Each structure stands twice: as structure tokens, then as C-alpha cells.
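Asks:
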Amino acid sequence: MKKYYYGAVAFYLMAVMAYIGYQYTQQRSELIAEIDQRLIQCASVTDQLLPASLHTNAIHTGTIAPADDLQNRLVLSRFAETMNVKYVYSFVLEKGKIYFTSSSATSEELKSGEDISYFFDEYTDESPLLLDAFKTQQMQFEESSDQWGHFRSVYLPHISPSGRVYITGADIEVSNINAQLNALLLHSMGEALFYMLILIPFFVAYRMHNLSIQKELTAQVDERTADLRERSSAITRLLDNSNQGFLTFSTSLNVENEYSQKCLEIFQETIEGKNIGELLYPEEVEEKKFFDETIRAVFEEEDEVKIDAILSLLQYEFVLHNKAINILYKRIEPQRFMLILTDITDKKNLEKNIEKERNRLKMIVSAISNSEELFELLEGYQTFLSEREGFIVWEHTPQQNLTELYRVIHTYKGLFAQKDFMTTLQGLHKVESRLSLWLKDETISNETIQTMLKKIDFELWLKKDTDILRDTLGDDFMDRKTTITIDEVTYETLQNKILELIDAQPEECHELLELLEVIKGLKYKPIGEYFASLPKYVELLGERLEKSLNVMEIEDKTNVSVGEAFRGFAKSLIHIIRNSVDHGIESPEERVEREKEEEGNIFFVIAETEDAVIVKISDDGRGIDREKLKQKALDGGFRTSQELEDEESVIELLFEDYLSTKEEINDLSGRGIGLASVRSELLKLGGSYKVISELGRGTRFEFTIPKKSLLKGI
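Going by this note's numbering, the first residue of the sequence shown is number 1006, and it counts up by one from there.
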């Protein structure tokens, strides 16, 4: 009897110690998880509180005004005080050094002005974990102690729309955690001792009674165990023969020992007892932490609606061992989860192939729809490529040559985008990005620019796109010429000879007037034909930018035919159209809020006077924010305040090289070069322009071109 008694007591003591240890560990994990959840929430909200422009690639010391930095600091300080954290802040990494872009301050610091971090102050106390957060773009947690206390911090990486990595973080003081845990430990030990004392008599009586029924219970257990084994084997066979992975885990987040054979194929290892977060995120530490915290939050929640909302935050598609896996999360018990894993690799590959084929078909349809314009574009681009080595004017500075080259590349990028070319468009966008960097580099030489033009294989990009057209439409389509043209000298010679014959023998040579018109048609064509493809471009651009637009109609009120001199300007107007859709027209939701019709409108009108042709392009969008445009110019050093005192000088900024109000750069806009190209082509024709804009109502561009510069044919 003593042997059993002492054994039971020893077992009970071990159980009590295990319970105390488990409770201690669990409570500490919960405290840390609660703190980490608050830190993540603070770091996430900090990103929302800061201006989107604060973390672009162009920021540097002085990018924002001290008043703006103070406003950011005050906002973050109020937020930190509300959330009961010590600090919230944000960093960027610049040339291996870490700089503050914003930071909160305590009330004492705000009053004294000491120990406050200002915009682009260097952060010299960076830790390896902070640097890892920048390099790996994964969330990091850190604990540190100093004379001010014991702190826990989070570093949450983000990627700005311009592609720059930045960190938002938060600090919270956790000095009192150990005190709380020690108090909890003492309390648990006291409870355990109390229960041990009162349970001893009951334990003895129970033990005596248990001996009498042990044999009967053993027989029942053996019978039930055999039955459960058979049921378990049947379920295992069923799951193993399905084409999905099934696994379960509870609050420990460790995979339980029952899982389907498909899981071994997906994870390529035995997963029993392993942490599910580590299996799903073997290298992404921060993502794993977020997953663990989210699942634990579900375990603590009882409201089904809130549970669904929390689960929606989890990642549903993964790439594991080069396989695309879809995961369905099922809570099968209050403290137990099942994951259903489906291999969707074939489906993803099919979607990629469909998208690729869709882009090919768009390019082919665009080529068939307006083949004349396509061949004109290809002919002009081939001319540019064949002459590009001589593009550098050695008497000009590298910046002048870069600016002119930038305009040409930007215009061709827009024209190829209009034709849905894929490889050429991507290649020109990369060249444009390189030129953008070189424009800021005063060490670039004309020789470097010319070497770059020789080295880049523009022809290969174009060949990949045209090979798609050739393979689909055939050599006959690609090799035929749909437009017959004659050069200026030949046209003048024929015209003069015909006019001489008509003057000499007007009656006999009257039919030559018709021939003159035919020849004229070889050199000139109606001005409206230069813009025939723009309505379709507006429609496609609207779909891409998710803007609702009515069909743009070109209203040609002229009887004017023009020659090649007009082509450059006509092509450049694609930048006006693109800006109207991208910058001008609001989203459907924004238009409804402004009590406008959901569908935006772009109007294109060609008119004439006795001496000139007038092209008007207008929209009913948000209009030009002159104050924002002015501030951009001042911040970028394009103008001084004195130079922008009148409204006309502010509007003129629209046509300034490299000035854009858009915060991010993409393959459509954001370079600040499009309207500069329009002005350059317009001035070649001796034309003039004016811009009329009303904030919230829309913008109208009017371009006036002397007919004499167009080789008029009225």
C-alpha cells in the first residue's frame, strides 16, 4: 500500500510541477503574444497615419518641410500615447545607413525638445534585427534593456508604391512582465499545495475502490481501443486515397499525429509534432509570427462573425517546394483546427498561359484593327533605331541629349502600349528608368550615352513582338505596305509640272486637276485620320485603370489635309489622352461622391480658322490642383516662389521636364516627360497652346498650329 501511495504522491507532485511550468510558460506566451499583437497593430496603423509620399525613392534630407515633420511627429505622439506604447516611428535604408523618416516623442521630450528624432536623422543604434528586417523584408521582434527599463520592439517592413522598402516600428516597456509571472508562479504553487493536502484522503479511498473494478475497466478499455483502432484505420485509408492533404492542430499549433499521405508529398517531410507556422513559413519569420498570432486570436474568440473576419487575414495560397498550394482553414472544435491542402500548381500554370495568350491576342487584334497605323509606327521606330548611334549631338551637353532621347523613348513607349506590344513596351520602360537615373547624374558623358544606345538590343525586343504577329498573321501581312507615300521633292516636282500644263492648256489638261488631287493624297491625308485609333486606346486604358468612361468621339470640323510634318505632334498627343484618363478622370466612387455621373468624358475636337488649325482635348475630371503643382515645383527646385506668383506661370509647369504630381512611377505615367514632349513637337510647328482648368470640374488643352507649317491642303 505504501508503494502505491508514495508513487501516487510522486506522480501528483510531478503533475503539479508540470502544470505550474505549463501555466507559467503559457501565461508568458500569452503576455508576449498580447504585447506583440499590440506592437504589430501600432506599427501597421503608423503606416496608415503617415503620408504616402514619405517613403518614395526620391526622399532625402529636406524633402519635407519642418512643419510637415512636426505634424507627423505630433500625430504619431498622440497615437503612441493612446495605444500606451513608448514610441512609434519609421525608417528607410539609404546607402547602408538607417534614417528616421518619422518618430513620436514623449510629452516630456516634446516640451524640452531633447532626444527627439527629426526627418532623415541618422539612426546610429541600429541592431542586426533591424537590418535583417530591411534585407529580408520580414517582420522582426527585439527585446532590449537599458537604464530606462526593459523594452520589446517590432520592426514591420513595407514596400511603397514606388518600390522602396521602409520600416514602421513601435516600442513598449515590458519591465513588469517578470514581476507578474513570479506572482503567478507563487499563486499557482500555493493552489497546488492546498489541493494536494485536501486530496490525500480521497486519493487513498479512491485507490482502494479502484482495485476492485480495475479488471472490469481494463476489459472495457481493450474492447473500445480495438474498435477505435479499426475506425481510425478506415478514416486514414480514406484520407490517404484522396488528392488533398488533411492535418489538424490545437492550441499548441503543433501538427497532430493523424494526417493524410498527401501531406508528406506537399511538405516532403514527416510533420507530426511540428509547428504548423514553421511548415508553412519555413524562412519567413515575421509571416510565421503573424500566422501564429492570428490563429491564437481565433482560439480566444467565440463570435463566429469575428472569427471569419480574422481568418480572412490569413494567407490562402502558398508556394511549397515549387508547388502552388491552396489552404482551407476549418475550425472543427473550439480549440482545434483542420487544414485542407490542395495542390493547384496545374491550375496556376494554366492561368499564366491563358493570361499570356490573352495579351498575344490583344496585340494581334490591335494590329489587324489599324494596320496602317501599326506599319507607320514600325517604320518610324525602325528609322529611329537605325539612326540611334548618330542621335548624340556632340555640341550639346549630355543632359540635353538625355532629355531629347528621354522624350523620344517616352513617346514610343506610349505608342507601343497603345498597340499592346509586350516585350518592346517592357524594354523601353527599363531604358526610360535608366535614363531617369542618368538625368540626375552629372558625371554621365555623351560617350556613355552612345555606348548604351549601341549596347541595348532594341531590335530583339521588337522582333519578339513582331514574330508573334508574323507567326499568327503570316509574312504577307507583315511584309506588305498598306500606305503609299512620296517624298517632298518628288511631290513638289509633280505638282509644279501639272500646274504648268494646266496654265498652258487649261481646257485640254483639265482632267489633270483630278490627278493632282490623287498625288496630293499620297502626300497628305485628312487631319482626323491621325487620331483614328485614340478612341479605342481610351477604352482600353479606362479598363486597365478601372475608370468608367463614355466612348470618346473625335469631332473633326475641318477640311484640312496635312503631311508628315504633323505626324510627330499627332503622336505626342497620346500623352494628353493618357494624362486625362490617369490623372484627370476620377474613380467611379469619387465621381459619385462629387455628384457627377459615374462615367467620365474625354472630348476631342479639331477646328480651324482662316490661318490655323486648333486641336482641343478636354475632360470633366478633377481638374488641376494648382497649389499641389506649385508645391511640387518648389520642393523639386524647379522654380522659386517669386517665379510662380501668377497663375500662368504655375500652369506652365505642366510642360516642365521631369515634373510630375504623381507619387508613383509605372509604365503609363509618373515620369513628368509626356507634356514636355507635346510642347517640343508643337514648337517645331510654330504652334502655341493654352490650358484652361477648374478644380473639380475638368481641364481643357487647346493647341493652335499655323496652317502654313502643315503644308495645308484645303
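Just so it is clear, CB atoms sit at the ideal spot from N, CA and C, and this is done for glycine as well.
Nothing here was measured: the structure is a model prediction, and the numbers come from that model.
1. Give the DSSP-derived three-state secondary structure of Met1343 in the structure shown.
2. Is it buried or exposed, Ile1203, if we count other Cβ atoms within 10 angstroms and call 16 or more buried?
3. Output the distance between the C-alpha atoms of Glu1307 and Leu1269, rounded to the nearest integer angstrom.
4. Rounded to the nearest angstrom, what separates Gly1547 and Gln1423 at their Cα positions?
5. What is the residue span of the alpha helix (DSSP H) that Glu956 lies within?
6. Give every residue of the same chain whose Cβ lies closer than 6 Å to the Cβ of Phe1156, excluding the five residues on either side of it in the sequence, and list them in chain order.
7. Measure the CB-CB distance between Pro1339 and Phe1304 and report whether it falls below 9 Å.
8. Using the Cα positions of Gly1568 and Gly1691, report the straight-line distance between them to the nearest angstrom.
9. Using a Cβ distance threshold of 8 Å, determine whether the segment 1285 to 1293 contacts the segment 1372 to 1391, with at least three qualifying pairs required.
10. Would you mind sorting Pro1287 into buried or exposed? The rule is 16 or more other CB atoms within 10 Å of its CB.
11. Assuming Pro1162 and Ala1197 form a contact by the criterion Cβ under 8 Å, report the distance between their Cβ atoms to the nearest whole angstrom.
12. Within the chosen definition, does the segment 1458 to 1471 reach the segment 1424 to 1433 through at least 3 CB pairs nearer than 8 Å?
13. Should Trp1443 be labelled buried (16 or more other beta-carbon atoms within 10 Å of its own) or exposed?
14. Go through the segment 1092 to 1158 residue by residue and report every complete run of the alpha helix (DSSP H) that reaches 4 residues or more, in order.
15. Thinking C-beta only, is Val1398 closer than 9 Å to Gln1405?
16. Assign Pro1531 to one of three DSSP states: helix, strand, or coil.
17. Mark Leu1222 as exposed unless 16 or more other C-beta atoms lie within 10 angstroms of its C-beta, in which case mark it buried.
18. Quick test of the definition: if touching needs 3 or more C-beta pairs under 8 Å, does the segment 1551 to 1569 touch the segment 1586 to 1602?
19. Mark Asp1425 as exposed unless 16 or more other C-beta atoms lie within 10 angstroms of its C-beta, in which case mark it buried.
20. Just to confirm before moving on: does the CB-CB distance between Phe1124 and Ser1107 stay below 9 Å?
21. What's the C-alpha gap between Asp1630 and Arg1336?
22. Going by DSSP, what residue range makes up the alpha helix (DSSP H) through Ile1454?
23. Taking the straight line between their C-alpha atoms, what separation do you get for Lys1352 and Glu1261?
24. Taking the continuous beta strand (DSSP E) assigned at Leu1430, which residues delimit it?
25. Just to confirm the assignment, what range does the beta strand (DSSP E) spanning Pro1711 have?
26. Looking at Ile1619 and Phe1608, is the spacing between their C-beta atoms short of 9 Å?
27. Assuming Ser1654 and Glu1648 form a contact by the criterion Cβ under 8 Å, report the distance between their Cβ atoms to the nearest whole angstrom.
28. Does the beta-carbon distance from Ile1656 to Val1610 come in below 9 Å?
29. Looking only at C-alpha atoms, which of His1060, Lys1530 and Ile1710 sits nearest to Ser1167?
30. Mind checking which residues open and close the alpha helix (DSSP H) that includes Arg1549?
31. Can you tell me whether Val1226 is buried or exposed, with buried defined as 16 or more other CB within 10 angstroms of its CB?
32. Identify whether Ser1167 lies in helix, strand or coil by the three-state DSSP scheme.
33. Less than 9 Å between the beta carbons of Gly1722 and Gly1605, yes or no?
34. Among Ser1317, Asp1126, Leu1098 and Leu1478, which residue has its Cα nearest to the Cα of Leu1135?
35. Going by other Cβ atoms of all chains shown within 10 Å of its Cβ, with 16 needed for buried, is Ser1082 buried or exposed?
36. If you count every other CB in all the chains shown that lies within 10 Å of the CB of Tyr1024, and 16 or more means buried, which is it?
Replies: Reading it off the structure:
1. Reading the sequence shown from its first residue, position 338 is the one you call residue 1343. Correct three-state label for Met1343: strand.
2. Position 198 of the sequence shown holds residue 1203. Exposed is the call here.
3. On the sequence shown, position 302 is the one that residue 1307 refers to. On the sequence shown, position 264 is the one that residue 1269 refers to. Near 33 Å, if we compare the C-alpha coordinates of Leu1269 and Glu1307.
4. Numbered from 1 along the sequence shown, position 542 holds the residue referred to as residue 1547. Numbered from 1 along the sequence shown, position 418 holds the residue referred to as residue 1423. In a straight line, the C-alpha of Gly1547 is about 12 Å away from that of Gln1423.
5. Examination of residue 956 is not possible in this model, given that the chain is present from 1006 through 1719 alone.
6. Counting from one through the sequence shown, the residue named residue 1156 turns up at place 151. Hits under 6 Å: Ser1149, Asp1176 and Glu1178.
7. Stepping through the sequence shown from its first residue, residue 1339 is reached at position 334. Stepping through the sequence shown from its first residue, residue 1304 is reached at position 299. Contact: yes.
8. The residue given as residue 1568 occupies position 563 in the sequence shown. The residue given as residue 1691 occupies position 686 in the sequence shown. Each residue's Cα considered, the two are about 15 Å apart.
9. no
10. The sequence position of residue 1287 within the sequence shown is 282, counting from 1. The residue in question, Pro1287, is exposed, as its Cβ has fewer than 16 Cβ neighbours within 10 Å.
11. Your numbering for residue 1162 matches position 157 in the sequence shown. Your numbering for residue 1197 matches position 192 in the sequence shown. The Cβ separation is near 44 Å, so there is no contact.
12. yes
13. Numbered from 1 along the sequence shown, position 438 holds the residue referred to as residue 1443. Trp1443 comes out buried.
14. 1112 to 1117 and 1133 to 1141
15. As a working mapping, residue 1405 is identified with position 400 in the sequence shown. As a working mapping, residue 1398 is identified with position 393 in the sequence shown. Closer than 9 Å, so yes.
16. By one-based count along the sequence shown, residue 1531 stands at place 526. Pro1531: strand per DSSP, three-state reduction.
17. Mapped onto the sequence shown, residue 1222 falls at position 217. Result: exposed.
18. yes
19. The sequence position of residue 1425 within the sequence shown is 420, counting from 1. So Asp1425 ends up on the buried side.
20. One-based indexing of the sequence shown puts residue 1124 at position 119. One-based indexing of the sequence shown puts residue 1107 at position 102. Cβ distance < 9 Å, so Phe1124 and Ser1107 count as in contact.
21. Taking the first residue of the sequence shown as position 1, residue 1630 is located at position 625. Taking the first residue of the sequence shown as position 1, residue 1336 is located at position 331. In a straight line, the C-alpha of Asp1630 is about 51 Å away from that of Arg1336.
22. Residue mapping note: residue 1454 aligns to position 449 of the sequence shown, counting from 1. Counting along the chain, the alpha helix (DSSP H) containing Ile1454 begins and ends at Asn1451 to Lys1460.
23. As a first step, residue 1352 is located in the sequence shown; it is residue number 347 there, counting from the start. As a first step, residue 1261 is located in the sequence shown; it is residue number 256 there, counting from the start. Each residue's alpha carbon lies about 29 Å from the other.
24. Position 425 of the sequence shown, counted from the start, is the residue given in the question as residue 1430. Not the beta strand (DSSP E): Leu1430 falls in the alpha helix (DSSP H), residues Thr1428 to Trp1443.
25. By one-based count along the sequence shown, residue 1711 stands at place 706. Residues Gly1703 to Pro1711.
26. Stepping through the sequence shown from its first residue, residue 1608 is reached at position 603. Stepping through the sequence shown from its first residue, residue 1619 is reached at position 614. The answer is no: Cβ separation not under 9 Å.
27. Within the sequence shown, numbered from 1, the residue matching residue 1654 stands at position 649. Within the sequence shown, numbered from 1, the residue matching residue 1648 stands at position 643. Contact flag correct, Cβ pair sits at about 6 Å.
28. Counted from its first residue, the sequence shown places residue 1656 at position 651. Counted from its first residue, the sequence shown places residue 1610 at position 605. No, these two residues do not count as a Cβ contact at 9 Å.
29. In the sequence shown, residue 1167 corresponds to position 162, counting from 1. Considering only alpha carbons, the answer is His1060.
30. As a first step, residue 1549 is located in the sequence shown; it is residue number 544 there, counting from the start. Arg1549 -> alpha helix (DSSP H) spans Leu1539 to Arg1549.
31. Translated into positions along the sequence shown, residue 1226 becomes position 221. Per the 10 Å Cβ criterion, exposed.
32. By 1-based counting over the sequence shown, the position of residue 1167 is 162. Reduced to three states, the DSSP call for Ser1167 is coil.
33. It is not possible to answer for residue 1722, since the shown part of the chain is limited to 1006 through 1719.
34. Your numbering for residue 1135 matches position 130 in the sequence shown. Of the listed residues, the one whose Cα sits closest to Leu1135 is Leu1098.
35. The residue given as residue 1082 occupies position 77 in the sequence shown. By the neighbour-count rule (16 or more Cβ atoms within 10 Å), Ser1082 is buried.
36. Working through the sequence shown from its first residue, we reach residue 1024 at position 19. Classification of Tyr1024: exposed, given that the 10 Å Cβ count is below 16.
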